[in-house]
Each structure stands twice: as structure tokens, then as C-alpha cells.
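Only one structure is covered here, and it is reproduced in the block below.
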Amino acid sequence: MNHKYSAEKIFLFLLLCCCSLMVTAQDSLLTVKAQKGDGIYSLLRKQGVNPYKYFDKFIALNQGNLRDSIHLYAGRTYKIPPIVKKESETNSKTSNEHKNTTIVSHEIFGKKHKDTEIVSARLKGNIYYLISGHGGPDPGTVTKYNKKLLAEDEYAYDITLRLAKELISHSATVYMIVRDENDGIRNKRLLTVDHDELVYPKKKIPLNQIKRLRQRTEVVNALYQKHKGAYRRLIVTHIDSRSKGENIDVFFYHHKKSKSGQKLAESIHQVFKRKYKKYQPNRAYNGTFSERNLYLVNFTLPAMAYIEIGNLQNKKDQKRIIYPVNRQALAEWITQGVLDDFEK
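Okay, so the sequence shown: first residue is 1 according to this note's numbering, each after it adds one.
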């Protein structure tokens, strides 16, 4: 009996020690005060933390201390997630031979973002064609934000670039159909408007809408035929334009006769529903997926999802679009839907 009692005491003592260590480890997290103009990405970068890897962990640590679940309050203190280093990273100072990471470079992402780490082979062998709306002589919807010009094509393009990078990180082959060789991924709220976008590989974009849509369709269909036998999907990103008072969620469309397109659109839609429930539990998500009679939906060959990001005219939707952290989140959520679609 005494032995049993002693064992129990030892067990309780060890348990309390473990709990104490856990609390100490939690309390020892680095904290930092957010400055005016800071976003989650810039705050993490200043601390030498990769924002793409630790974004979700940061939110988990700081739930209840964020505006709209993803924005910082200036002057408040935030916990920084600890960096978890792989053994290969720990030994990188002495030798690069033991690194298991693969890096690929694409100039189209810009100097700061051209290198992409391959994090998995989940989409290896898959082909994705990405089209961002408008471009070239047609900027799409144009409006003002704090007296500065916002153009639909610049924001759709930045989201699409981020999506391409995410897909590549999972070993996919990606074709950017609309291309701007000197923009790259931009971590700015207000993106400079230009008219030098081209269509793959280097085709000048016509002003006429039907000619523009036909050009993109022909390029995608030619690439689709080139990769016969491969798993191929098309994703189109647009930003809607409605009355200023209309705040809309992200909508997904597919061809009425395409079961694969419907499955892709539904898969991405389900991810958005889950993410809204997690990060904005007090706000209902009203975005849908459905058929829609659009030129690119009707005449392109791959199974596809056509995505309307939001209403550029609406002040609330503008915040979803102009903040780079939000554009990155959109790209990551779409990627998760793509992964779910393929793996199911």
C-alpha cells in the first residue's frame, strides 16, 4: 500500500513538473507590440518568422486579440509563434548537403518571391491553367480608395500569382495565361495600375472583349491538347463590380455539364465555408457555387472553376482585396480546395 501511495505521489509530482514546463514554455513566447500600419505578415517578417508558414499558428495564438479575426490592433501586444527548425536546417551552417528542401525559381513572381520551396508532391504531374480577369488595355473595374486608383486586373493578377506559387509548392505544373513580367507578387495595399500585361507566351491583348476572351480560350485549349492524358484544370479569378452598397462573398461557377468542374468549384467553396466559420464565426458566409453562362466557362476545354472574389466598389470588399495578407489567404484557401478536389 505504501509503495502504491509513493508511486502515485511520484506520478503527481512528475505531472505537475510537466505542466509547469508547459506553462513556462507558453509564457516564454516572444511578444511584440504592433505598430500603426502593421499587418500579420509584416509583423512576422520583422521578427524573422516566415509569414507563409506561421500565419495560422499566429492566429491560433492570438485569437480574441484580432479585428475581424485577421487584422491587428495598433498598440496591442501579440505572441509570436516559435520557429520549428528541421534537423536539415539546423545543420545548414556547416553543410548544405543534408538539406532535403528543393527550391525552384520563377522570375514572374518578382525578385523577392521568385524562389518557391517544394513542400510536397501532392500535385505532381497535374497541370493548372490560371487566368486573371482583364489586363492589357482593359483594367476592368476602376474605382478610388482614399483618392487612389484601384483597378480590378491588378488585384486579380496578384491573387492569381500567389495561387500559382502555392500550387507550384505542391509540385504542380502551372501556366499563367495572363502575364506581367515586371510586376511580380506585391505586398502593397495600393497596386500601381499599368497596361503591359500579355497573354501566354507573349501575345498582345486586344481591347475588344470578344477577341480578348477568344484569345485566352484558344491559348488554354492548345495547352490542354498539348498535355493529353494529364490531370488538367483551369481556374479563372475575377473581381466583380456591383453597386457600392452591395457587400458580396466569394462565388464559384462551373460549366453546367461538367461534373469535374462542379466538383472543383464545390471543393473550393467548402474550404471557404470552413475558413469563414473558423476565422469569422460571427459572420455568415453567403457565397455559393453554381452553373453560369460565361464565355470562358462555355468554350474552354479543361474542367474549370470561375471565381468571383468580391465587389471592388464596396468598401468592405475592398478591405478583403487590397490587404496583401487577405490576398495571400485567398490564394491559400483556393489551393486547399484544389488539393481536396484532387485527393478526393
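Every residue, glycine too, gets a C-beta built ideally from N, C-alpha and C.
- Query: How would you write the range of the alpha helix (DSSP H) that residue 142 sits in, first residue to last?
  - Reply: Per DSSP, residue 142 belongs to no alpha helix (DSSP H); it is in the beta strand (DSSP E), 142–145.
- N-terminal and C-terminal residue of the alpha helix (DSSP H) that residue 298 is part of: If you look at residue 298, you'll find it in the alpha helix (DSSP H) that goes 295–299.
- Sort out for me which residues DSSP pairs residue 306 with in a bridge. 236 and 253, per the DSSP bridge assignment.
- Task: Use the C-beta contact count for residue 190: other C-beta atoms within 10 angstroms, 16 or more gives buried, fewer gives exposed.
- Result: Taking all protein chains shown into account, residue 190 has fewer than 16 neighbouring C-beta atoms within 10 Å of its C-beta and is therefore exposed.
- Item | Option nearest residue 249 by Cα separation, candidates 298, 231, 275 and 226 | Nearest Cα to residue 249 within the set 298, 231, 275 and 226: 275.
- Quick one: residues in its chain with C-beta nearer than 7 Å to the C-beta of residue 325, no 5 flanking neighbours on either side, listed in chain order? Closer than 7 Å at the Cβ level, and outside the excluded window around residue 325, lie 39, 40, 41 and 70.
- Task: Determine the direct distance from the alpha carbon of residue 177 to that of residue 201, and round the result to whole angstroms.
- Result: Straight through space, the alpha carbons of residue 177 and residue 201 are spaced by roughly 8 Å.
- Coil, strand or helix - residue 128 by DSSP: It is a strand residue.
- Relative to the alpha-carbon of residue 267, which residue among 194, 290, 206 and 151 has its alpha-carbon at the smallest distance? Answer by Cα proximity: 290.
- Task: Could you tell me if residue 139 is buried or exposed, where buried requires 16 or more neighbouring beta carbons within 10 angstroms of its beta carbon?
- Result: With 16 or more other Cβ atoms inside 10 Å of its own Cβ, residue 139 counts as buried.
- When burial is assigned at 16 or more other CB atoms within 10 Å of the CB, is residue 104 buried or exposed? With fewer than 16 Cβ atoms within 10 Å of its Cβ, residue 104 is classed as exposed.
- Task: Pair every Cβ in the region 29–37 with every Cβ in the region 166–180, then say whether three or more of these pairs are closer than 8 Å.
- Result: Touching, no, given that fewer than three Cβ pairs across the two stretches are closer than 8 Å.
- Which of helix, strand or coil DSSP assigns to residue 197: The answer is coil: DSSP assigns residue 197 none of H, G, I, E or B.
- Message: Going by the DSSP bridge assignment, what does residue 204 pair with across the sheet?
- Response: When DSSP reads this structure, residue 204 sits in a beta bridge with 198.
- Task: Would you decide whether residue 195 is buried or exposed? Buried here means 16 or more other CB atoms lie within 10 Å of its CB.
- Result: Under this definition residue 195 is an exposed residue.
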